[in-house]
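So the structure is just underneath, and the comments pick up after that.
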Amino acid sequence: MFILNPQSGIPIYRQILEQVRRMVASGQLPPGTALPSVRDLALRHTINPMTISRAYSILETEGLLERNRGRPMTVASQAKNHSQLPKRLQQIGPLVEQTVVAAKQLQLTEAELVKTVRREWEQNDE
Amino acid sequence: MNSASVEASNLSKAFGQKQVLQGMSFGVSPGDVIGVLGKNGAGKTTLLELMLGFTAPTAGAIRVFGHESHRLPGAIKARVGFVPQQDELLDQLTVADQLRVIASFYSHWDSALIERLCGEWGVNVNARIKSMSVGERQKLSILLAFGHKPELLILDEPVASLDPIARRQFLEQLLTISTDGQRAIVFSSHIVSDIERLANRIWILKDGKLDWQGDLDSLKESIVRLHIRGTGAELPQFRIPGVLNVRRDGAFATAVVRDWTSEAQAALEKDAAVQVEVEMLGLEEIFVELHK
Chain L
381 MFILNPQSGI PIYRQILEQV RRMVASGQLP PGTALPSVRD LALRHTINPM
431 TISRAYSILE TEGLLERNRG RPMTVASQAK NHSQLPKRLQ QIGPLVEQTV
481 VAAKQLQLTE AELVKTVRRE WEQNDE
Chain W
42 MNSASVEASN LSKAFGQKQV LQGMSFGVSP GDVIGVLGKN GAGKTTLLEL
92 MLGFTAPTAG AIRVFGHESH RLPGAIKARV GFVPQQDELL DQLTVADQLR
142 VIASFYSHWD SALIERLCGE WGVNVNARIK SMSVGERQKL SILLAFGHKP
192 ELLILDEPVA SLDPIARRQF LEQLLTISTD GQRAIVFSSH IVSDIERLAN
242 RIWILKDGKL DWQGDLDSLK ESIVRLHIRG TGAELPQFRI PGVLNVRRDG
292 AFATAVVRDW TSEAQAALEK DAAVQVEVEM LGLEEIFVEL HK
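Keeping their order, the protein sequence lines are chains L and W. If you number the first sequence the way our numbering does, the last residue is 506 and the count never jumps. If you number the second sequence the way our numbering does, the last residue is 333 and the count never jumps.
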């Protein structure tokens with residue numbers, strides 16, 4: 381379910397935070413979806429369980445996940461608030477900024493960049 | 042009742058005139074997996090030996106389950122497991138005999154677990170120890186430290202001779218042990234990628250001192266490389282707290298800092314009128330940067 385890279389400079393708990401936020405925002409993880417247990421994730425990815433617990437706790441505080449007694453954590457029912465457009469745009473903001481900076485360094489025009497994005501978008505749909 | 046597995050305050054150790062460890066204070070709690078990093082000669086083995094009570098501190102104190110480590114009662118010792126850097130296997134025995142000898146010291150030896158692991162790790166119980174490879178011997182000494190299900194497991198470079206597959210099996214087993222939250226693991230290794238997977242806390246030893254201790258997550262958030270860009274042709278002068286090194290190159294600079302926070306970033310961007318991009322570093326790079 382997650383793509384986790386322990387050797388990355390980004391702490392594992394942050395990798396989980398970002399991926400859950402993104403998947404909830406996009407509706408890939410609808411409300412009520414069960415998340416893998418901390419133990420399962422730790423053993424499946426061979427990573428320390430505490431960093432996973434930390435991510436789950438933060439997501440619970442944010443209201444994205446719900447803790448259920450004796451059952452796996454689930455995506456909270458109010459989580460759909462997070463899928464409103466401004467929120468989602470805010471999340472992709474830093475990536476867009478990086479792309480624009482790189483495009484300017486390469487002296488591409490706005491039209492060229494938009495064209496490239498459109499092509500990528502269509503290829504991704506196929 | 043003391044809930045800490047290990048507690049040390051101002052721990053120091055000298056051998057003759059040579060000061061090996063100086064003023065270390067730390068704690069280990071159940072559930073912790075602590076990765077100990079340090080260059081050769083930084084004092085890692087001495088630190089682990091103090092924890093095991095093989096030697097007494099010159100100054101300060103170290104307590105294991107509430108008892109001074111070099112005066113541990115037998116019942117407390119039985120709660121500790123150790124995998125030494127150099128194995129202490131008996132060459133003339135077979136694996137089965139060696140396992141039987143160690144098992145006889147403990148009332149709660151888990152022979153089913155060890156039998157299963159021997160199978161999974163490909164350890165032939167009928168093999169004679171003197172005919173085994175370094176890697177096979179290492180697997181066996183790890184098994185010998187697992188069988189009594191220690192609450193504190195101390196490992197000194199346990200995997201140096203294991204291939205990547207065997208190392209992964211070993212990591213998986215350590216994780217299984219740690220997921221019940223009742224046990225503490227302290228292990229030193231030069232294989233940084235293993236520590237990055239397994240540890241939740243990191244100790245970095247440098248010149249006999251604990252140069253850094255804390256969560257692996259916080260370590261990666263506080264020691265970062267900054268890419269700094271000014272608006273003009275020349276970068277203005279700036280000061281960054283906790284800076285380890287800076288390289289200036291016209292309108293650009295890169296700097297590695299050790300106490301990075303978002304507040305520090307905001308202050309730097311405002312005061313020096315520069316743009317800062319933060320690059321987070323893997324553990325190996327952090328280790329190298331701390332030793333430049």
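The beta-carbon is built from N, C-alpha and C at its ideal position, and this holds for glycine as well.
- Burial is judged here by how many other beta carbons sit within 10 angstroms of a residue's own beta carbon; residue 401 of chain L has at least 16 and is buried.
- For residue 172 of chain W, no beta strand (DSSP E) encloses it, and the DSSP letter there is neither H nor E.
- Under the Cβ distance rule, residue 422 of chain L counts among the residues neighbouring chain W, one pair being separated by less than 9 Å.
- With respect to residue 476 of chain L, residue 412 of chain L sits apart: the two C-beta atoms are not nearer than 9 Å.
- In this structure, the beta-carbon distance from residue 73 of chain W to residue 227 of chain W falls below 9 Å.
- Here residue 222 of chain W has 71, 72 as same chain residues with Cβ atoms under 7 Å from its own Cβ, once five neighbours each way along the sequence are excluded.
- The bridge partners DSSP lists for residue 405 of chain L come to none.
- The stretch 208 to 221 of chain W makes no contact with the stretch 496 to 505 of chain L: fewer than 3 CB pairs, one atom from each, lie closer than 8 Å.
- Residue 191 of chain W carries a coil assignment under DSSP once its states are collapsed to helix, strand and coil.
- When the alpha-carbon of residue 178 of chain W is set against those of W/195, W/154, W/140, the nearest one is in W/140.
- At least one beta carbon of chain W lies nearer than 9 Å to the beta carbon of residue 393 of chain L.
- At a cut-off of 9 Å between beta carbons, residue 273 of chain W makes no contact with chain L.
- The CB of residue 241 of chain W comes closer than 7 Å to the CB of 428, 430, 431 in chain L, given here in chain order.
- Proximity to residue 258 of chain W across L/382, L/381, L/383, L/388 peaks at L/388, based on C-alpha coordinates.
- Taking the beta carbon of residue 390 of chain L as reference, the chain W residues within 8 Å of it are 261, 321, listed in sequence order.
- Taking the beta carbon of residue 419 of chain L as reference, the chain W residues within 7 Å of it are 220, listed in sequence order.
- Taking all protein chains shown into account, residue 206 of chain W has fewer than 16 neighbouring C-beta atoms within 10 Å of its C-beta and is therefore exposed.
- Sixteen is the threshold: since fewer than 16 other Cβ atoms of the shown chains lie within 10 Å of the Cβ of residue 50 of chain W, the residue is exposed.
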